[in-house]
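First comes the structure, then the notes that go with it.
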Amino acid sequence: MTAIIWITEGAWRATVDAARSHVPDTAELTLLHVTGDDVEAAAHGAFAGLLGRGHRERDPGDYLEALSATAGAELLEAAADRLGRPAARLQVHGRIAREVVRAAEGAELLICARDGDLHRLGPRSLGRDGRFVVDHAPCPVLLVWPGAAPGLGSIPPPPTGPPPPHHGPEHHGA
């Protein structure tokens, strides 16, 4: 079995713990961290647009890229220590959700954490990146809460009135 453990700043402990609990010791594991390209791109753009051109040495984007790479490597190191068993480390840079899906190609399991509204159960507990990954992953996904899951009381009440008409495959009109 091969499994990818998606490591993020706020939820890496939960994904590592899920791997320790649910993935056999014989599995080949990869710890994955993706540094998004949006922060550096914004810094480059802000510098070029607001501060003028011609002073590349003062562009903060390069510094942010190096800082992001260092932070990602440190996070992977901490995750590897917590995992306590051999795992490859993969650090990539790009559009986060797409890089996670790309890394999961050929894997038998992807472990990731919810990244949206963590105060209530439901679809909004997945943020933009998490939703894309769950919808497009080329393998089974183990989706974990980064902390304690909210109680069932966080589910909104059902809508009032009659249910909407069902238009599934067995419904062929009148």
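Reminder that position 109 of the sequence shown reads as 109 in UniProt numbering, one-by-one numbering, no gaps. C-beta: ideal position from N, C-alpha, C; glycine also. For clarity, every value in this text was computed on a predicted model and none was experimentally measured.
Which listed residue (the options) has its alpha carbon closest to that of residue i
i: Asp25; options: Ala3, Arg128 and Pro164; result: Ala3
i: Arg90; options: Ile155, Leu29 and Asp115; result: Per the sequence presented here, residue 90 reads as Leu, with Arg not at that position. It is Leu29 whose Cα lies nearest to the Cα of Leu90.
i: Arg20; options: Ser68, Gly106, Asp81 and Asp117; result: Asp81
i: Leu31; options: Ala69, Ala103 and Ala149; result: Ala103
i: Ala107; options: Gly84, Val23 and Leu126; result: Val23
i: Pro86; options: Ala27, Gly94 and Pro165; result: Ala27
i: Pro157; options: Gly122, Ser68 and Cys112; result: Gly122
i: Ala11; options: Gly94, Ala78, Cys139 and Arg114; result: Arg114
i: Cys139; options: Arg13, Glu9, Cys112 and Gly94; result: Cys112
i: Leu83; options: His167, His166, Ala18 and Gly94; result: Ala18
For residue j and residue i, the rounded distance between their alpha carbons
i: Leu76; j: Ser154; result: 33 Å
i: residue 176; j: Thr70; result: Here the chain has residues from 1 to 174 only, and residue 176 is not among them.
i: Trp6; j: Thr15; result: 7 Å
i: Gly72; j: Met1; result: 25 Å
i: Glu105; j: Leu126; result: 21 Å
i: Glu9; j: Leu152; result: 27 Å
i: residue 176; j: Gly94; result: Shown here, the chain extends from 1 to 174; a query on residue 176 therefore has no answer.
i: Thr160; j: Ala88; result: 51 Å
i: Arg128; j: Pro162; result: 31 Å
i: His167; j: Ser68; result: 48 Å
DSSP-derived helix/strand/coil call for residue i
i: residue 178; result: Since the first and last residues shown for the chain are 1 and 174, residue 178 lies out of range.
i: Glu9; result: coil
i: Thr15; result: helix
i: Gly161; result: coil
i: Gly72; result: helix
i: Gly151; result: coil
i: His22; result: helix
i: Ala27; result: coil
Same chain, Cβ closer than 6 Å to residue i, five either side skipped, listed in chain order
i: Gly36; result: Ile96
i: Val141; result: Leu110 and Val134
i: His136; result: Val101
i: Arg124; result: Gly116 and Asp117
i: Glu99; result: Val34 and Val92
i: Ala79; result: Ile7, Trp12, Val16 and Leu31
i: residue 176; result: The question about residue 176 has no answer here: the residues shown for the chain are numbered 1 through 174.
Beta-carbon proximity list for residue i, same chain, < 8 Å, skipping 5 on both sides
i: His119; result: Pro150 and Ser154
i: Gly147; result: Ala14 and Leu118
Residues of its chain near residue i, where Cβ-Cβ distance is below 7 Å and the 5 sequence neighbours each way are ignored
i: Gly130; result: Cys112, Arg114, Asp115 and Gly116
To test your reading of the DSSP string, which unbroken beta strand (DSSP E) runs of 3 or more residues are found completely within the segment 83–139? 88–94 and 109–113
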